[in-house]
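See structure below.
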DNA sequence: GCTCAATTTAGAATAATTCTAAATCTTGAC
DNA sequence: GTCAAGATTTAGAATTATTCTAAATTGAGC
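Protein chains in written order, with this note's numbering: chain U, 38 to 185; chain S, 38 to 185.
Rendered as structure tokens:
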């Protein structure tokens, strides 16, 4: 019998992770996930909608929210809320924090994280911790220079 | 000449802090600040509006937002954004973090903080850091028990 | 092929926040 | 004290962000 190429992993982890949360892999969810990975600039739901729409014109806003929620639920995407105004989405699940410029609203990934300091936090009995989010606020280099 | 009682410190630090940011102390700003300190349950702008309105019926929503912004700007209040949905406000400026229950949306103050780990974070050249915000996400004791 | 539940869709509805323009207040210069 | 200039407040309209609804579509398991 000839050796048969093993079936290429079909979008492996995304499918698995969705399934693990009792969710299905759909073309829309796949598309939204791709959009996020393509340009990791912390887009808002609306930006994701526009980008996804350019590839998949029939997709609707409600679906984008549904997909984002599904991806967040199954741990493929992080929600980032830094200020009033639209929530942003980040497909980088590695430990990292976000720097938010209070002046111009830009967001930067900061690869170091202090959630290693995890150990330092003692929650009262009964709390179940899932995620530590660290947001740095201040001025980005441009705005800091102007503020002089 | 008789000794005259020295004028009692007039809302000292609030006034000073506002002034330091080029802002004036107004009855509305004072009221909003009082509302926040009276019940530190991380109210939304809308809740602050309702509470302030009960003491000062003519106050408007726009003013509440203005006052909250002023208080945040001068460092008397922290904005807390934990999820989609309304921003919350916290008049406790001591180092502390917030625990957010992803299930029921309740918020708890966690007095320990890891921002002492401040030292651990090295920002690229040019960034000016003002504040480290630590948000803990997970399940509160009630929801954790139910999730069993 | 059929059934059931999950998902998507468009659009309406709601919620949160910002904007606008006019009225009011405060401060500093005279 | 009086006035002008600028800051603040106000109501309500406008905008933005998100959620809801009900009908149509899809896909998995039988």
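By construction, the Cβ of each residue, glycine as well, lies at the ideal position given by its N, Cα and C atoms.
How far does the beta strand (DSSP E) with residue i in it reach, from first residue to last?
{"i": "residue 138/S", "result": "134–138"}
{"i": "residue 225/U", "result": "Here chain U comprises residues numbered 38 to 185, so residue 225/U is not present and cannot be evaluated."}
{"i": "residue 66/S", "result": "Looking at the DSSP string, residue 66/S is not in any beta strand (DSSP E); the run it does join, the alpha helix (DSSP H), is 64–75."}
{"i": "residue 116/S", "result": "115–117"}
{"i": "residue 12/S", "result": "Within the shown structure, residues of chain S are numbered from 38 to 185, placing residue 12/S beyond reach of any answer."}
For residue i, which residues of its own chain have a beta-carbon under 7 Å away from its beta-carbon, when the five flanking residues on both sides are left out?
{"i": "residue 89/S", "result": "68, 69, 72, 96, 101"}
{"i": "residue 104/S", "result": "65, 66, 69"}
{"i": "residue 148/S", "result": "133"}
{"i": "residue 184/S", "result": "176"}
{"i": "residue 166/U", "result": "160"}
Could you spell out where the alpha helix (DSSP H) holding residue i opens and where it closes?
{"i": "residue 174/U", "result": "Element bounds for residue 174/U: not the alpha helix (DSSP H) but the beta strand (DSSP E), 165–176."}
{"i": "residue 88/U", "result": "82–92"}
{"i": "residue 106/S", "result": "98–110"}
Closer than 9 Å by beta-carbon distance: list the chain U residues that pair up with residue i, in chain order.
{"i": "residue 86/S", "result": "In chain order: nothing, as chain U lies at least about 15 Å away."}
{"i": "residue 172/S", "result": "118, 168, 169, 170, 171, 172"}
Note down, in chain order, every chain S residue with its Cβ under 7 Å from the Cβ of residue i.
{"i": "residue 142/U", "result": "Near residue 142/U there are no residues of chain S at all, since even the closest Cβ is about 13 Å away, more than 7 Å."}
{"i": "residue 81/U", "result": "Per Cβ cutoff of 7 Å: no residues; residue 81/U is ~11 Å from chain S at best."}
Suppose the cutoff is 8 Å on Cβ atoms and the five residues either side in sequence are ignored; what does the same chain contact list for residue i look like?
{"i": "residue 93/U", "result": "64, 65, 68"}
{"i": "residue 125/U", "result": "79, 80, 81, 116, 117, 118, 119, 144"}
{"i": "residue 51/U", "result": "62, 66, 67, 70, 113"}
Under 6 Å Cβ to Cβ from residue i, same chain only, skipping five residues before and after it: list those, please.
{"i": "residue 146/U", "result": "133"}
{"i": "residue 55/S", "result": "62, 111"}
{"i": "residue 161/S", "result": "none"}
{"i": "residue 74/S", "result": "128"}
Determine the chain U residues that contact residue i at a beta-carbon separation under 8 Å, and present them in chain order.
{"i": "residue 189/S", "result": "With chain S covering only 38 through 185, there is no way to say anything about residue 189/S."}
{"i": "residue 214/S", "result": "No information on residue 214/S is available, as it lies outside the stretch 38 to 185 that chain S covers here."}
Along chain S, which residues have their Cβ under 9 Å away from the Cβ of residue i?
{"i": "residue 59/U", "result": "Those within 9 Å of residue 59/U in chain S number zero; the least Cβ separation is about 14 Å."}
Quick one: which chain S residues come within Cβ less than 8 Å of residue i?
{"i": "residue 56/U", "result": "Going along chain S, no residue has its Cβ under 8 Å from residue 56/U, so there is no contact; the nearest lies around 20 Å."}
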